[in-house]
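Residue numbers (our numbering): 57 to 279.
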């Protein structure tokens, strides 16, 4: 992160969209936030990767529907080339398949393009802090899509490796709870929850909370 006036920490953001007017609108709004800094823009996935490697931003706002290298492909490559940078996919319901692709590619967050500005800012802050982000509407659509099929059996090696407490934590992650809320529900320290979350991700072989939540839903471990 970059330094801010007063000694604070600022979250560096790269904006990726093939429409210049959208990029300008996002930049104008985000630069009004004291803790955010727009460090660059890109008009397609290929340019986004080059800029991300050059700037190493904390967060990339990634449009999914772009000509050339699309957002899903760029997110997948971003995870490999700049693993410390986290991507938020900007999408719409007409892009359902791209949303599912972004999940598999490792996006840390997903927001609809018509999200309220305050929701976008909160999402950037959450993702930069290591949390996963799903717009409520996108989350509902993903879960609805998965509910159309039968859950996979939950008796595989990954599930068996989880301790009872880790299974509880995974269930609460799947419900969208942040570490603080999980700590309150389980009556443990937030630091303890963070440790459990790390163990869960490692044992499931996933990279973030969103993928863990989706794994739990697919395996019938979440409501």
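Beta carbons are placed, not taken as given, at the ideal position from N, Cα and C, and that holds for glycine. In this text the structure is predicted, and so the values were computed from the model without any measurement.
Exercise. Identify every residue that forms a DSSP beta bridge with residue 98.
Key: 72
Quiz item: Can you give the Cα-Cα distance for residue 125 and residue 252, rounded to whole angstroms?
Solution: 37 Å
Quiz item: Do residue 143 and residue 155 have their CB atoms nearer than 9 Å?
Solution: no
Quiz item: By how many angstroms is the C-alpha of residue 270 removed from the C-alpha of residue 112?
Solution: 28 Å
Quiz item: Quick one: is residue 209 buried, meaning 16 or more other Cβ sit within 10 Å of its Cβ, or exposed?
Solution: Residue placement at residue 209 is poorly supported in this model, since its pLDDT is 49, which falls under 50; the coordinates still yield a value, given next. So residue 209 counts as exposed.
Quiz prompt | Simplified DSSP state of residue 141, which is helix, strand or coil | solution = coil
Quiz prompt | residue 166 beta carbon less than 9 Å from that of residue 134 | solution = no
Quiz item: What number of angstroms, rounded off, separates the C-alpha of residue 132 from the C-alpha of residue 121?
Solution: 15 Å
Quiz item: Of all the options 183, 161, 100, 236, which has the alpha carbon lying nearest to the alpha carbon of residue 74?
Solution: 100
Quiz item: Taking the C-alpha atoms as reference points, what is the distance between residue 95 and residue 275?
Solution: 40 Å
Quiz item: What separation, rounded to the nearest whole angstrom, lies between the Cα atoms of residue 102 and residue 130?
Solution: 7 Å
Practice problem: State the DSSP-derived secondary structure class of residue 111, mapped to helix, strand or coil. | Solution: helix
Practice problem: Give the straight-line distance between the Cα atoms of residue 72 and residue 168, rounded to the nearest whole angstrom. | Solution: 15 Å
Quiz item: From which residue to which residue does the alpha helix (DSSP H) around residue 44 run?
Solution: In this structure the chain extends from 57 to 279, so residue 44 is not present and cannot be described.
Quiz item: How many Å lie between residue 59 and residue 185 at the Cα?
Solution: Confidence at residue 59 is low in this model, with a pLDDT of 47, below 50, so the placement of that residue should be treated as unreliable; the coordinate-derived value is given next. Whole-angstrom Cα-Cα distance: 16 Å.
Practice problem: Please report how far the alpha carbon of residue 214 lies from the alpha carbon of residue 141, in whole angstroms. | Solution: 27 Å
Exercise. Run the CB neighbour count on residue 217, radius 10 Å, all protein chains shown included, and call it buried at 16 or more, exposed below.
Key: exposed
Self-check item: Whole-angstrom distance between residue 241 and residue 225, CA atom to CA atom
Solution: 10 Å
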